[in-house]
Amino acid sequence: MDIRLKSCFRDPLLEVMNFLNEVVLRYPQAVSFAPGRPAELHFDVERSLGLAPLFVEHRAASTGWTPRAVWNDLGQYNKTNGIINDLIARQLEIDEGLHVRPESIVVTHGCQEGMTILLAGLFDPAEDVLLVSDPTYIGITGLARILGIELVPVSTGEQGLEPADVAAAIDAVRARGKRPRALYDIPDFNNPLGTRMPLAARRALLDLLREREVFLFEDNPYGMFAYDGDPLPTIKSLDEHGVVIYMGSFAKTLYPGLRAGYLVAGQEVVGESGERTPLAAELSKVKSLTTVTTAPVVQAVVGALLLEGGGSLRGIVRDKLPFYRANRDRMVACLEERLGRVPGVRWNRPEGGFFLTVWLPFELDNEGLQACARDYGVIVCPVSYFSLTRGRERQVRLSFSYVTEAQIEEGIARFARFVQDRAGIAPKTAAGLQAAVTP
Ligand SMILES: Cc1ncc(COP(=O)(O)O)c(C=O)c1O
Numbered sequence: 558m559d560i561r562l563k564s565c566f567r568d569p570l571l572e573v574m575n576f577l578n579e580v581v582l583r584y585p586q587a588v589s590f591a592p593g594r595p596a597e598l599h600f601d602v603e604r605s606l607g608l609a610p611l612f613v614e615h616r617a618a619s620t621g622w623t624p625r626a627v628w629n630d631l632g633q634y635n636k637t638n639g640i641i642n643d644l645i646a647r648q649l650e651i652d653e654g655l656h657v658r659p660e661s662i663v664v665t666h667g668c669q670e671g672m673t674i675l676l677a678g679l680f681d682p683a684e685d686v687l688l689v690s691d692p693t694y695i696g697i698t699g700l701a702r703i704l705g706i707e708l709v710p711v712s713t714g715e716q717g718l719e720p721a722d723v724a725a726a727i728d729a730v731r732a733r734g735k736r737p738r739a740l741y742d743i744p745d746f747n748n749p750l751g752t753r754m755p756l757a758a759r760r761a762l763l764d765l766l767r768e769r770e771v772f773l774f775e776d777n778p779y780g781m782f783a784y785d786g787d788p789l790p791t792i793k794s795l796d797e798h799g800v801v802i803y804m805g806s807f808a809k810t811l812y813p814g815l816r817a818g819y820l821v822a823g824q825e826v827v828g829e830s831g832e833r834t835p836l837a838a839e840l841s842k843v844k845s846l847t848t849v850t851t852a853p854v855v856q857a858v859v860g861a862l863l864l865e866g867g868g869s870l871r872g873i874v875r876d877k878l879p880f881y882r883a884n885r886d887r888m889v890a891c892l893e894e895r896l897g898r899v900p901g902v903r904w905n906r907p908e909g910g911f912f913l914t915v916w917l918p919f920e921l922d923n924e925g926l927q928a929c930a931r932d933y934g935v936i937v938c939p940v941s942y943f944s945l946t947r948g949r950e951r952q953v954r955l956s957f958s959y960v961t962e963a964q965i966e967e968g969i970a971r972f973a974r975f976v977q978d979r980a981g982i983a984p985k986t987a988a989g990l991q992a993a994v995t996p
């Protein structure tokens, strides 16, 4: 049997997640600022599973079925696009001011499945190109590589994407006869950079994409995790012309083990005989062949949590914010204390989300990452891992979501020793290194 694999298996993008997991496992004593995981401190999985009857009661009331029939329905194959669409629509209305019809929603097996549905359903790899803000989340770029979809990076500045750069990229794609089908971005508390796109840029980007007829895939898993600054509208909420396909995730607001997310795709598709259907209904054809439906039992838990919160996620998220805000503040304070006077080192202070960026006076590659983990006991994530181009070799992503304040203090102290040693600022001593790896 010929088991030669597709060429995408040799793509470094597909190695990143495994590499990071392996580094974490290989150096268990190290403080890890690598994972973008939510803190387990806020999980109450057991309690949430016990809430399912709340959803059953709601569904029995809204359908007129008996509770027994609703329970059976949860055990059965079910509607492809989901059974909690009304509750998600209500949550988006209450929390984001988004007016969305339940038929516009596809409930997905995590946001990741939303990406799969969009790329598989909307792209013809022979002619369609996906523009991505660069650096960006590997979930989308790795998937595009597997599906053979051409990616065009648009470099991100310190305030997110610049509409003028997007315009230039679109025009360049068109000039070589390809179709720029969509732009993927994370405007709020970007992964990996922590940046947030200002309001004026949101409006300008929307106008541009409308004019050029390019979809925006707005991925927003971190938007509710705002620690300071004025609230900004999602680009979806500014969109009156069907430019944005919105991608939601319950991984950070609830917990990732649910594997629950959704797409909002209310754009009208006009059929051959003039009939109009929401894009979401067309995309259900793809969903029916990826996961058939999102586990109804999981949807019942998500639905119950939404019902318990009066239709909103704000209450649940509000309880988590002090922890993440304190971690962000602690990390920034430790960086200031330990690296504030080191030439060539700086960092951003994100207004929300899980990540910040540190600029280094030297390049950090796999070898540097391993040395930092092995000899100094701290794991960081090179931003170059998320980039399709060169130019990010001196940046690292630090995640502050999955550590305690004590770990942040210890981890940043260790990282500062690594940076100073590599930059040739402090003398390297064996005793110093030994001390650094003591947990
Ligand atoms: C930008 C971004 N999109 C999507 C996801 C994944 O969401 P889900 O767990 O719902 O698939 C993540 C997870 O880290 C993310 O950072």
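Taking our numbering, I'd label the letters of the sequence shown as residues 558 to 996.
Here a beta-carbon is modelled for each residue, glycine too, at the ideal position from N, C-alpha and C.
If you measure between the beta carbons of PHE590 and VAL935, is that distance less than 8 Å?
Stepping through the sequence shown from its first residue, residue 590 is reached at position 33. Stepping through the sequence shown from its first residue, residue 935 is reached at position 378. Note that the C-beta distance between PHE590 and VAL935 is below 8 Å.
Would you check if there are 3 or more beta carbon pairs closer than 8 Å linking the segment 945-958 to the segment 911-922?
Here the segment 945-958 makes contact with the segment 911-922; the two share three or more CB pairs at distances below 8 Å.
Checking the sheet assignment: what are the DSSP bridge partners for PHE774?
By 1-based counting over the sequence shown, the position of residue 774 is 217. Answer is TYR741, ILE802.
Just to confirm, are GLY1000 and SER958 a CB contact at a threshold of 8 Å?
Absent from the structure is residue 1000, since the part of the chain shown begins at 558 and ends at 996.
Spell out a yes or no on whether the segment 941-950 and the segment 681-698 are touching, meaning 3 or more CB-CB pairs, one atom from each, closer than 8 Å.
In short, these stretches touch, since the Cβ pair count reaches three.
Cβ pair ARG895, ALA973 closer than 8 Å:
Position 338 of the sequence shown, counting from 1, holds the residue named residue 895. Position 416 of the sequence shown, counting from 1, holds the residue named residue 973. It is a contact, given that the beta carbons lie within the stated cut-off.
Do three or more CB pairs link the segment 767-782 to the segment 740-750 at distances below 8 Å?
Judged by Cβ distances under 8 Å, the segment 767-782 makes contact with the segment 740-750, as three or more pairs qualify.
Quick check for students: name the residue ranges of the beta strand (DSSP E) that lie wholly in the segment 930-994, counting only runs of 3 or more.
If only complete runs of 3 or more residues are kept, the segment 930-994 shows the beta strand (DSSP E) at 952-956, in order along the chain.
Skipping 5 residues on each side, what residues in its chain have a beta carbon closer than 8 Å to that of ARG906?
One-based indexing of the sequence shown puts residue 906 at position 349. Within the same chain, ARG906 has close Cβ partners ARG885, VAL889, LEU913.
Got a sec? Which residues, its chain only, sit under 8 Å from PHE772 by beta carbon, not counting five neighbours each side?
In the sequence shown, the residue the question calls residue 772 occupies position 215. Same-chain partners within the cutoff: LEU679, ARG738, ALA739, LEU740, LEU766, VAL800, VAL801, ILE802.
Bridge partners - GLU825, DSSP secondary structure assignment
The count along the sequence shown starts at 1 and reaches residue 825 at position 268. Paired residue(s): PRO835.
Taking only runs that begin and end inside the segment 842-927, name each unbroken alpha helix (DSSP H) of 4 or more residues, in chain order.
Fully contained in the segment 842-927 are the following alpha helix (DSSP H) runs of length 4 or more, in chain order: 853-865, 871-896.
Nearest neighbour of PRO610, chosen from VAL855, GLN586, GLU920, ARG903 [CA to CA]:
For the purposes of this step, residue 610 is identified with residue 53 of the sequence shown, where counting begins at 1. Nearest to PRO610 by C-alpha distance, out of VAL855, GLN586, GLU920, ARG903, is VAL855.
Taking the straight line between their C-alpha atoms, what separation do you get for ASN923 and ILE982?
Taking the first residue of the sequence shown as position 1, residue 923 is located at position 366. Taking the first residue of the sequence shown as position 1, residue 982 is located at position 425. The alpha-carbon atoms of ASN923 and ILE982 are separated by roughly 22 Å.
Buried or exposed for ALA992, going by 16 or more other Cβ atoms inside 10 Å?
Start at 1 with the first residue of the sequence shown, and residue 992 comes out as number 435. Summary for ALA992: the model assigns pLDDT 41, below 50, so the residue's position carries little reliability; its value from the coordinates is reported in the next sentence. Around the beta carbon of ALA992, fewer than 16 other beta carbons lie within 10 angstroms, which makes this residue exposed.
How big is the Cα-Cα spacing for MET574 and GLY639?
For the purposes of this step, residue 574 is taken as residue 17 along the sequence shown, with counting starting at 1. For the purposes of this step, residue 639 is taken as residue 82 along the sequence shown, with counting starting at 1. Roughly 29 Å separates the two Cα atoms.
Own chain partners of VAL976 with C-beta closer than 7 Å, once the 5 adjacent residues on each side are dropped:
One-based indexing of the sequence shown puts residue 976 at position 419. Cβ contact annotation for VAL976 (same chain, cutoff 7 Å, sequence separation greater than five): LEU896, VAL899, VAL902, LEU917, in chain order.
Alpha-carbon spacing of VAL580 relative to GLN927, whole angstroms
As a first step, residue 580 must be located in the sequence shown, where it is residue number 23. As a first step, residue 927 must be located in the sequence shown, where it is residue number 370. Rounded to the nearest angstrom, the two C-alpha atoms are 7 Å apart.
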